[in-house]
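J.: Numbering (the numbering used here), first residue to last: 3 to 457. A virtual CB, placed ideally from N, CA and C, is assigned to each residue, including glycine.
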Ligand SMILES: Cc1cc2nc3c(=O)[nH]c(=O)nc-3n(C[C@H](O)[C@H](O)[C@H](O)COP(=O)(O)OP(=O)(O)OC[C@H]3O[C@@H](n4cnc5c(N)ncnc54)[C@H](O)[C@@H]3O)c2cc1C
Ligand code: FES
Ligand code: FES
């Protein structure tokens, strides 16, 4: 069952609400606390409606009831009340937990970041302004947080109740080892699966991949970045080495789902789900990534670009586990960009998304290029011909314009609810050009391409 159903129907803790049951509205937000290797509990917000209960094993799950102080409101509750940020109240527990979750996060304590922390919460009454004021008040009280001593600091300032101080000791006593059932259906964060087949999963025997610690983490081995398939989008985002390798990582990943979904969503799940518009898939395709797959004692490697065989079909045998995603570390000459257009900027799936890694030498020659694109083919698409064309060419308007024409021949979009095939072709061109105006602003201006297109 889902964590939400356990909370409401088994524990009868009805402060956690049910809205969409698809991870979209945040009414069911809870915090999940995980013991790290230093013995400290790290808390993140999640949407409990699409989280398998089994993923709570060995964790501290905090519902709105568990955040209440004895007789007082906590800081987030008080800020919501003071700013009249609650009307019918249905969304309020979710907002309070998302705001409290932000207090624990590694993110810099500024206004933009606290708004991002409530990006997965929807309110249909207040119009948001009062909630934004409450958020501003909460972040104001977090500026001086002692990052090495977070939990005692938050207890002392009435963000959370005192019992949080004893949780790490309680978690240490719980057996968190999971048994592998090779024939069971694999679920990691569950953010795809519990939306696609919520009912049948209740009846299906599942193996919770998220419990496998060996599939977590990011390592740099000589010239390779090796990422455990269970690593979440948030863990990838917060990794210091990834932030320096991808200077615009925050801007790119803010376009991927919402804070609570990123906290659950594994990178491996995004790849195996095989959605033609999976953002992280498009991201890793442009890094020319490889996958390591494991079944029993046998292991094999496959290039991510060769992994997809048709719509939602990938080269994965039954019982085979994706363990690692790897790519070459980026040299200082390599630049990376990701672009995505949706019907709304945040918390939406792409109409078209694309990424590029491009190496350019001192003479403005393109040494290497890998371009990927989603939403224009049945699979997340590596643009083989376009990438090959770019290699060895001079980085100028003519090269990029001709490459944009080759790209049009490579793709085959269809019309669907997200857009017509003509619109997707237009987006594919504009976003391809945007890679270059974004990465090489000294060489390219958007205007140059518009003039070129007119002529
Ligand atoms: C509200 C909402 C918004 C979203 N927004 C976006 C978005 O903006 N962009 C985007 O790309 N996606 C988005 N998603 C989709 C989803 O969050 C991602 O695809 C996520 O990365 C899936 O990871 P997961 O761990 O939750 O996968 P799961 O649902 O656990 O699994 C997905 C698939 O992968 C398989 N699997 C998982 N791990 C392994 C493994 N190690 N080996 C073999 N098979 C495995 C499972 O069997 C399943 O078939 C959104 C989802 C929701 C609910
Ligand atoms: S009920 Fe809407 S996100 Fe869970
Ligand atoms: S106060 Fe009613 S939904 Fe937010």
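Which term fits residue 91, buried or exposed, when burial requires 16 or more other beta carbons within 10 angstroms of its beta carbon?
T.: Exposed, because fewer than 16 other Cβ atoms sit within 10 Å of the Cβ of residue 91.
J.: Looking only at its chain, what residues have a beta carbon closer than 7 angstroms to the beta carbon of residue 166, apart from the 5 residues adjacent to it on each side?
T.: 153, 157
J.: Tell me which residue opens and which closes the beta strand (DSSP E) that residue 361 is part of.
T.: 354–362
J.: Excluding sequence positions up to five away, which residues of its chain have a Cβ less than 8 angstroms from the Cβ of residue 7?
T.: 55
J.: For residue 151, which of 447, 105, 194 has the nearest alpha-carbon?
T.: 105
J.: Is residue 157 helix, strand or coil by DSSP?
T.: helix
J.: So, helix, strand or coil for residue 339, using DSSP?
T.: strand
J.: Could you check the C-alpha separation between residue 71 and residue 160 for me, to the nearest Å?
T.: 7 angstroms
J.: I'd like to confirm something about residue 434: is its beta-carbon nearer than 7 angstroms to some heavy atom of ligand 1, or not?
T.: no
J.: Out of curiosity, what's the CA-to-CA distance linking residue 279 and residue 203?
T.: 24 angstroms
J.: So is the beta-carbon of residue 94 under 7 angstroms away from any non-hydrogen atom of ligand 4?
T.: The model depicted lacks ligand 4 and carries ligand 1, ligand 2 and ligand 3 instead.
J.: Within the same chain, show all residues whose beta-carbon is closer than 7 angstroms to that of residue 65, passing over the 5 residues directly before and after it, in chain order.
T.: Taking C-beta separations shorter than 7 angstroms and ignoring five residues to either side along the sequence, the partners of residue 65 in its chain run 9, 15, 17, 18, 32, following chain order.
J.: Relative to the alpha-carbon of residue 287, which residue among 22, 381, 208 has its alpha-carbon at the smallest distance?
T.: 381
J.: With DSSP as the reference, label residue 262 as helix, strand or coil.
T.: helix
J.: Does residue 392 pass the burial test, meaning 16 or more other C-beta atoms within 10 Å, or should it be called exposed?
T.: buried
J.: Which residues in the same chain as residue 27 place their Cβ atom closer than 6 angstroms to its Cβ, once the five residues preceding and following it in sequence are excluded?
T.: Result list for residue 27: 21, 124, in chain order.
J.: To which residues of the same chain is residue 443 closer than 8 angstroms at the C-beta, ignoring the five residues directly before and after it?
T.: Excluding residues within five positions, none has a Cβ falling inside 8 angstroms.
J.: Give the DSSP-derived three-state secondary structure of residue 437 in the structure shown.
T.: helix
J.: Return the chain-ordered list of same chain residues with a C-beta closer than 6 angstroms to the C-beta of residue 395, the five sequence neighbours on each side being excluded.
T.: 368, 401
J.: Compute the Euclidean distance between the alpha carbons of residue 107 and residue 46, then round it to the nearest angstrom.
T.: Rounded to whole angstroms, residue 107 to residue 46 spans 7 angstroms at the Cα level.
J.: Whole angstroms is fine: what's the gap from residue 311's alpha carbon to residue 295's?
T.: 16 angstroms
J.: If you reduce the DSSP assignment to three classes, tell me which class residue 462 lands in.
T.: The requested residue 462 does not occur in the structure, where the chain is confined to residues 3 to 457.
J.: At which residues does the beta strand (DSSP E) containing residue 293 begin and terminate?
T.: 292–297
J.: For residue 155 and residue 78, what's the separation of their Cα atoms in angstroms?
T.: 15 angstroms
J.: What first and last residue would you give for the beta strand (DSSP E) that runs through residue 311?
T.: 310–312
J.: Decide if the stretch 310–324 is in contact with the stretch 372–388; the criterion is three or more beta carbon pairs, one per stretch, under 8 angstroms apart.
T.: yes
J.: Run through DSSP, which three-state label would residue 143 get?
T.: coil
J.: Report the option in 365, 44, 371 whose CA atom is closest to the CA atom of residue 173.
T.: 44
J.: Which ranges does the beta strand (DSSP E) cover as unbroken runs of at least 3 residues, wholly within the stretch 191–225, from first to last along the chain?
T.: If we require 3 residues or more, the beta strand (DSSP E) runs fully inside the stretch 191–225 come out as 208–210, 220–223.
J.: Specify, as a first and last residue, the run of the alpha helix (DSSP H) that residue 391 falls within.
T.: Bounds of the alpha helix (DSSP H) holding residue 391 are 386–392.
J.: For residue 302, which residues does DSSP report across the bridge?
T.: 295
J.: If you follow the alpha helix (DSSP H) that residue 77 is part of, which residue opens it and which one closes it?
T.: Its alpha helix (DSSP H) spans residues 77–84.
J.: Across the stretch 212–229 and the stretch 324–339, are there enough close Cβ pairs to call them in contact, namely three or more that are closer than 8 angstroms?
T.: yes
J.: Please classify residue 353 as buried or exposed, where buried requires at least 16 other C-beta atoms within 10 Å of its C-beta.
T.: buried
J.: So, is residue 324 buried or exposed, given that buried needs 16 or more other C-beta atoms within 10 angstroms?
T.: buried
J.: Give me the residue from 416, 372, 415, 418 with the minimum Cα distance to residue 405.
T.: 372
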